[in-house]
Structure formats: C-alpha cells, structure tokens
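First comes the structure, then the notes that go with it.
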Amino acid sequence: MSVGAPTSPGSDYGYIQTLKSSRSEPDLTGPSIRPTQRRQTIYNAQYQNPQQQQRRSVRGSTNNSSFYSQQSSQWKTANMPARTPSSISTGQRQPLYSTMQRYESGCAQKQETYAPPQMPSRMESRDEFDGTPMTIEKAVELLSYDKYQTSGANYIQHTCYQDENAKNVVYQHNGIPKLIALLDNPNQNVQQAAAGALRNLVFKNNPNKIETSQKGGVRAAVNLLRKTTNEETQKQLTGLLWNLSSTDQLKEELVREALPVLNECVVIPFSGWTENSVPGQKSNLHPEIFFNATGCLRNLSSAEVGRQTMRNTPGLVESLMYYIQKQVANNNPDDKSVENCACILHNLSYHLDSEVPNKYSQLNEQMLRNQQTDKTSTGCFSNKSEKIQNNNFDLPLPEEDVNPKGSALLSHSSAIKTYLSLLGQSKKDSILEASAGALQNLTASKGPMSNGMSQIIGVKENGLSQITRLLQSGNSDVVKTGASLLSNMSRHPSLHKSMGTQVLPDVSRLLSQTSTSATNSEDILSSACYTMRNLVMSQPQLAKQSLSTNIVGNLVNMCKSGASPKAAEAARLFLTDMWSQRELQGILKQLKNVPTIIDFVSINLMKKERTGQMTEFQPIFPDSHSCCTELRLVLSNLQKYWGDEKTSHLLKKLQKIAFWITYIFLMPHFTLGRDLQTGTFFFYRQ
1 MSVGAPTSPG
11 SDYGYIQTLK
21 SSRSEPDLTG
31 PSIRPTQRRQ
41 TIYNAQYQNP
51 QQQQRRSVRG
61 STNNSSFYSQ
71 QSSQWKTANM
81 PARTPSSIST
91 GQRQPLYSTM
101 QRYESGCAQK
111 QETYAPPQMP
121 SRMESRDEFD
131 GTPMTIEKAV
141 ELLSYDKYQT
151 SGANYIQHTC
161 YQDENAKNVV
171 YQHNGIPKLI
181 ALLDNPNQNV
191 QQAAAGALRN
201 LVFKNNPNKI
211 ETSQKGGVRA
221 AVNLLRKTTN
231 EETQKQLTGL
241 LWNLSSTDQL
251 KEELVREALP
261 VLNECVVIPF
271 SGWTENSVPG
281 QKSNLHPEIF
291 FNATGCLRNL
301 SSAEVGRQTM
311 RNTPGLVESL
321 MYYIQKQVAN
331 NNPDDKSVEN
341 CACILHNLSY
351 HLDSEVPNKY
361 SQLNEQMLRN
371 QQTDKTSTGC
381 FSNKSEKIQN
391 NNFDLPLPEE
401 DVNPKGSALL
411 SHSSAIKTYL
421 SLLGQSKKDS
431 ILEASAGALQ
441 NLTASKGPMS
451 NGMSQIIGVK
461 ENGLSQITRL
471 LQSGNSDVVK
481 TGASLLSNMS
491 RHPSLHKSMG
501 TQVLPDVSRL
511 LSQTSTSATN
521 SEDILSSACY
531 TMRNLVMSQP
541 QLAKQSLSTN
551 IVGNLVNMCK
561 SGASPKAAEA
571 ARLFLTDMWS
581 QRELQGILKQ
591 LKNVPTIIDF
601 VSINLMKKER
611 TGQMTEFQPI
621 FPDSHSCCTE
631 LRLVLSNLQK
641 YWGDEKTSHL
651 LKKLQKIAFW
661 ITYIFLMPHF
671 TLGRDLQTGT
681 FFFYRQ
C-alpha cells in the first residue's frame, strides 16, 4: 500500500512499495531409480482411477506478495526431474515502504501441466518386504531397513505428490526424522530419494515445515548440498530449501544456515561473476538449481533480518546484478531466473537509505546540521527555511565508486541502468514491476538520495520514456508501480521541465478516463493526481495543454465519491491548489464545468464551517495560499505565549474573515443563507 503521498510540490513524502516475496513452492514428482517404460502397473490400477491417470496438476496463485515463473513439464522415460509449478505474474505490489514493496504484487493464475508420476519398475502392489500391499505406514517403516530405504522414500515422494492427506500420515508416523537422517546416507540414490520426499512433504504444509526444521532438516540439507555433486540431488535440495523459505518462522534459520551455502555453491558460480571482473569458468550446475536457489533467496529477502544479511553477503548482490546484465546482453531478459534476481534486488533496495549508511545519508546529515544552524536566524514570516530545503536540488551528486560492491551497488548508476534496460526490453509483467519497484524504493526517501536517484533516472540515463511506457500496460499492478515511481520523481523541481513534456500526457490520460475496473485504481489515480499537481503547480502553462473539462470533472467526482478516500484527498488538494493560483484559476474558469468546481470548493468550506472542523485556512480564493501560510505561522508563535484557548478564539475570528472574503468572491454564483437553528451562515446555488 502506498503511503505518505506528497502534499505539496517538493514534499518530502513519497510512494514506496511493499515487499515482493516469492511464494511459489515446487510440487514435484520424484525421479525414477532406473529407466522405465511408461506403463500401467498393478500399483497404478490400485491407487489411481482413470481420472487421476489423466489428471494434470494445476498450480496457480493470487498471493499478492508472490512472483512466479513458468516452467513447462515434459514426458521423460528416465530420471524425470523435479517439476516446479509456477504462474506468470501480471501484477505488482506497491510498496515494502520505500517499495519492498512493497511491492506486494498480484499474480494472475496460470495453469501448468504435469506428467503423471512414474513409479520405479520394481514398485509393485505388493512389496518384497512382507508381501503385503504398500501403504504410507509401510513406506515409513521401510525407511529403517537399508535394503528398502530407497523404495520407501520414493513411495512417500510419489504419494505425497498425489495425496495431501499422505503428508499428515507421514508426520503422524514420525517419518520426517527418518528421512532427514537418510540425507547423511552414503548412498546417492538414498540421498536423492529422501530429499525428494522431504520436498514434497513440506509443500504447502506448515506443520511438516516446522517439524523438518526442529529435527535438524535445514542443516542436514545444507550440509549435503555443500558436498554433493549429484545434479538431481542438488535440484531436490534447493527445491526443499525454497519450499521451507516461504514460512516466516523459518527465515532466520535459513538466512543463518542456507544463505552462505546457496551463495557460494550455486549463485556465484552459476552467475559467472568473479571478484576481478574476469569472466569465470562456465558452471556445470543445471539452470533449475540456480532457479530454485534464487527462489529461496527471494523469499528470504522479504524478511528484515534476511535483507540486512544479504546486503552484506560477499558477492551476492554483484552476482545477481551480473546475471541480469548478462541475460539482457544476450537478448534474454525474460529468463525465469531473471525474475527472481530482479525481485531480490527490489527487496534489498527497500529502506536502503535509512538502513544502510551511504554517501547520501552523510550528505543529508550535513544538510540537517546546516538547516538547524540557520533556523536560529529565521523569523516566523521568513521563507528562508523553505529556500534551504529547495537548495537540496542544486547540490551536486556524490562521486560514485568505480567498482561498487554489496549495498553500494544497489544505489549505483549501473544498477539503475540495469533496471531501465529491463523496463525497455522485458515483456514479462512481474519483471517490469520488480524493476520499477526497485527504482521506486530508491526514489522514496526523504533526503537527498531520492533527488540523486531521480536525477540519475530522469537526466543521466534518460529513463522517463521507459517508465512512462508502464502506464500503457494492461496490467494494473504494473501501472500502479509506474505511477507511484513518477509521483516520487515529480517531487523534485529539477525534473519538472522534462517530466512536463514526457510524462504529463500519459498521466493526464489516466485522470481523463471516466471509469476503470482496475483493482489498484485508487492508488493509480492518487499517484496521477500528485504527479500532475506537482508539475502543473510549478509550470502553470502546462495546464492549458493538459487540463480538460473531462479531467476536472473526474477530479470533482473523485472528491464527492466516498469509494476511494485516498484518490479523493489527492484530487481535493489538486483542485484547491489550482484554485488558489490566479493563473490556474483563470484556466479553470474557461472550462465548461466551472460552476461545478466552485460548487465543490464552496461546499467543502461550508461543511467544515457547519461542523466546526475547520482547523486551518483553505486556500480557496485568489492569492490566499501565502496569506494562510503566514497566518498559521503567526498563530503557532502566539500559541506559545497565549495558550490554546486564546489562540483558538483568534482562529475562529480569522476564519470568519476568510468566510466573508470568500462570500464576496462567490457572489455571482451563490446566495448567502443562514441556518436559523444554529445561526451558521452557508452558501447555496442560485
């Protein structure tokens, strides 16, 4: 959810996105022990009806904090690999606050097909152990016998793929500790079968995840991943860790135990990044292993403890960024692992300015000290303090590191260039949202970092065209993230000229639409209002080109409607600010619906006067904005000497003066009336 929308041009508040956390958990079938033909066995006839035999598992999610990647399944007759269900995200989640955003993002459901599980050829309806039919209970018992451990683990893996209740039976019969113990078995087939069984057991099953953790499953899986060279076992182990990482309760342990191994054994070698910038040797790791590992890290990056630790993990940020850059250079920006990498970097950029000391934070501390010193010589009627803040935009950008590492890379111009490259080349909504969300986080701070990042995006890298393209997306989450990013950037006057020509036409189009069915319409409209307000108030000549009867009518309707409080407040501020500026007021009067505008302004004042809620002056008549600002400063100072009661009495007197001045201005359109019961004056249309 977006918060802290700017209340005036150059406001310190910005839109930030919530955490983007991958919740996709691989649902797997286990690999066959040996090559087998696909055939109907007695086991299949006993445990599968015809519908089950033809079934294709469909996995999708609408979890707002998830990103998913597509992985198709194929028929194989030997060593069938694990299948990872996924769903292509078509949405966004706007801000962790500086998005980590945040984002949280919506995901559209997408069907995935799976081949029916293939059982080992020796898995018959009656096993070799005692000749009785195979059951989950019997399979758990087989785990205690060296000769039958592989068969028991494979049966558990396949059955848990088809039957959710089987997971509970394994838990009740103490099967999870036995499977964890098998991860330390010297037999690679046993290791692989046990890892696959655990992976399916914990899929969307929190009790089994907690049990696996409490019985030492995380450490056992990590130890095996560190030393095994078996590709299928690596797939199963990284998939198991990915599944476990979706539970918040386990993230701290996974950050402590799994993060270093995933980084050293999977992420760095597969990405090809090296410390000396020389291309590394091509990794022998399967792409699915990297995909699973980054899926796990994506979940961990949504936790605060994970975020801080991952930023400081040597080589992690560099490897993720390098992998994205390499895929973009190879014209493969929609690679499924690129999505995971972009989402991780998006999350790591959340609250970066406040959580990680950097050159911008040092500059901000110096500016605050200077402002504190200058305040002693600033009177209550002086606008010097405002000028001091506006001077922030003229400060030179800090010198960047030539070879940034870790958290320093997250706010480096090379990272911004990478995100903009994805915005320009990717056609995948989830990648677009994650890239824009990272930029949104970087521009959401209150200090000079937001200004610096905005200048790099809009001026140095000429990124406004890529961002504006997001507003034309058919995905409401992508539009929402793009609109929020532009709202952040519009706070900085140094960008107003370029944004006025490149951004304003598309932003005004959002406000000109009479209706929208987008689920994020409130956030989109409020962001558009703040962006257009900041640009128009600083460049009134733009209003002639961008304002229309339709836009102003929609703004008034937003204010009157109670369906979208956030959009209504943004529209109200936009209208009242325009009405307070003489040049803009003249433009508004030329529109056909000027009576509607005046009606809205007067009714807004009348409601506050009637209910006694008018606690500050509303800038609803010409040249009143600066006057009201000075009066508030006077009252604030008088309150220190007179106390609240006298100040409140004076405020009421001044409100009456403002009321009568407003009456003189509105006379051509309204008649003054008086409520006989309360004695309150009000306006009504003639």
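So the sequence shown is residues 1 to 686, counted in full-length UniProt numbering.
Backbone N, C-alpha and C fix where the C-beta goes; we use that ideal spot for every residue, glycine too.
May I have the straight-line CA-CA distance separating residue i from residue j, to the nearest angstrom?
i	j	result
Pro540	Met578	9 Å
Ser564	Ser484	16 Å
Gln455	His492	9 Å
Glu104	Ser144	Because Glu104 sits at a pLDDT of 30, beneath the cut-off of 50, its placement in the model cannot be relied upon, and the point is left open.
Ser245	Asp146	31 Å
Glu264	Leu348	19 Å
Ile289	Gln249	24 Å
Arg572	Ser414	39 Å
Leu237	Leu486	42 Å
Gly272	Val255	23 Å
Asn441	Tyr161	39 Å
Asn243	Asn165	18 Å
Leu495	Leu504	12 Å
Tyr323	Lys544	46 Å
Ala293	His158	23 Å
Ala444	Ser411	12 Å
Ile88	Leu397	Per-residue confidence for Ile88 stands at a pLDDT of 26, beneath the threshold of 50, marking its modelled position as unreliable; no derived number is given.
Ile457	Ile416	7 Å
Asp334	Thr135	43 Å
Cys341	Lys560	43 Å
Leu183	Asn154	14 Å
Tyr148	Leu432	49 Å
Glu304	Asp353	14 Å
Thr481	Glu253	32 Å
Glu141	Asn330	51 Å
Gly295	Ala438	18 Å
State buried or exposed for residue i, treating a residue as buried only when at least 16 other CB atoms are found within 10 Å of its CB.
i	result
Val202	buried
Ala258	buried
Lys251	buried
Gln466	buried
Gly586	exposed
Lys427	exposed
Ser430	buried
Thr501	exposed
Pro287	exposed
Glu275	exposed
Arg226	exposed
Pro35	Note that Pro35 scores a pLDDT of 29, beneath 50, so its modelled location is shaky; the value from the coordinates is reported in the next line. So Pro35 ends up on the exposed side.
Asn284	exposed
Gly562	exposed
Glu232	buried
Ile336	Strictly speaking, residue 336 in this sequence is Lys, with Ile absent from that position. Result: buried.
Trp75	Interpretation of Trp75 is limited by its pLDDT of 32, a score under 50 that renders its predicted location unreliable; no figure is taken from the coordinates.
Asp401	exposed
Asn534	buried
Between residue i and residue j, which are expected to be in contact by the criterion C-beta below 8 Å, what is the C-beta distance as a whole number of angstroms?
i	j	result
Thr418	Met489	Between Met489 and Thr418 the Cβ distance is about 18 Å, and since that is not below 8 Å, they are no contact.
Met537	Val507	Not confirmed; about 14 Å, so no contact.
Arg311	Gly406	6 Å
Tyr350	Pro448	Actually they are not in contact, since the Cβ atoms of Tyr350 and Pro448 sit about 19 Å apart, beyond 8 Å.
Measure the CB-CB distance between residue i and residue j and report whether it falls below 9 Å.
i	j	result
Ala434	Glu318	no
Arg199	Leu240	yes
Ala194	Asn185	yes
Leu316	Val356	no
Glu583	Ser526	no
Pro177	Lys215	yes
Gln192	Asn230	yes
Gly175	Ala221	no
Gly217	Ile180	yes
Leu511	Asn554	yes
Pro260	Thr212	no
Gln425	Val328	yes
Ala436	Leu409	no
Asn206	Thr150	no
Worksheet item: Taking contact to mean at least 3 C-beta pairs separated by less than 8 Å, is the region 453 to 463 in contact with the region 471 to 481?
Response: no
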